[in-house]
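In the working numbering, the protein residues as written are 3 to 66.
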């Protein structure tokens, strides 16, 4: 492929990727973001925008 092409592979089963592919990859491990972190960020955004919202609503959105 051309030099500007980037392939992004996402899996939860890294062990199934052939070593010939894996050796040419950069690996990034992600962890789940907690509901508290998401709700906190939503709170910051709502405050910045001057929007009033109940904490219960923020937590509901963070969970879904």
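Beta carbons are placed, not taken as given, at the ideal position from N, Cα and C, and that holds for glycine. Bear in mind that the values here come from a model prediction, so they are computed numbers and not experimental data.
Buried/exposed call for residue i, threshold 16 Cβ in 10 Å
i, result
"residue 60", "buried"
Rounded distance between the beta-carbons of residue j and residue i, thought under 8 Å
i, j, result
"residue 13", "residue 21", "Not really, about 14 Å apart at Cβ, beyond 8 Å."
Contact check, residue i vs residue j, beta carbons under 8 Å
i, j, result
"residue 27", "residue 11", "yes"
Check your understanding: How do the stretch 37-45 and the stretch 57-66 stand: do at least 3 beta-carbon pairs fall below 8 Å, yes or no?
Key -> The stretch 37-45 vs the stretch 57-66: in contact.
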